[in-house]
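In my numbering, the protein residues as written are 708 to 805. Here is the structure we will look at, set down as structure tokens.
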């Protein structure tokens with residue numbers, strides 16, 4: 708129980724440079740994904756048109772695939788990035804916004 712009390716007391720450190728668990732690869736990837744996803748959505752909205760609607764919706768659904776712990780999640784992140792690249796290409800080739 709004392710260990711859990713110490714972890715609970717360290718809640719204020721979450722997301723800061725002093726977060727002892729924040730240096731793990733999976734945590735760094737999770738933090739990077741937030742900005743990546745925002746950029747993808749902005750790009751999708753900029754190119755949104757009748758021909759690009761389906762690709763934009765598929766792109767918006769991509770975060771649902773990022774599940775699991777550690778190596779499973781890292782594999783899902785790789786798959787997310789691969790599919791995001793494919794969907795971004797589809798958005799551009801669809802000539803969205805024209």
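Yeah, the Cβ is synthetic: ideal placement off N, Cα and C, and Gly gets one too. In this text, all values refer to a predicted model and were calculated from it rather than measured experimentally.
Exposed unless 16 or more other CB atoms sit within 10 angstroms - verdict on residue i
{"i": "residue 808", "result": "Absent from the model: residue 808. The displayed extent of the chain is 708 to 805, so no value can be given."}
{"i": "residue 713", "result": "exposed"}
Close beta carbons around residue i, own chain, < 7 Å, minus the five adjacent residues each side
{"i": "residue 805", "result": "Here residue 805 scores only 48 on pLDDT, less than 50, and its place in the model should not be relied on; the value that follows carries that caveat. Excluding sequence neighbours, residue 805 sits near 756."}
{"i": "residue 790", "result": "769"}
{"i": "residue 762", "result": "794, 797, 798, 801"}
{"i": "residue 724", "result": "none"}
Among the options, nearest to residue i - alpha-carbon criterion
{"i": "residue 783", "options": "740, 727, 745", "result": "740"}
{"i": "residue 738", "options": "771, 722, 751", "result": "722"}
Rounded separation between residue i and residue j - CA only
{"i": "residue 719", "j": "residue 773", "result": "26 Å"}
{"i": "residue 785", "j": "residue 792", "result": "11 Å"}
Notebook entry, point to check: Between the region 767-786 and the region 715-734, do at least 3 Cβ pairs fall closer than 8 Å?
Noted result: yes
Next item on the list: Evaluate the contact criterion for the region 789-803 versus the region 745-759: three or more CB pairs, one atom per stretch, below 8 Å.
Entry: yes
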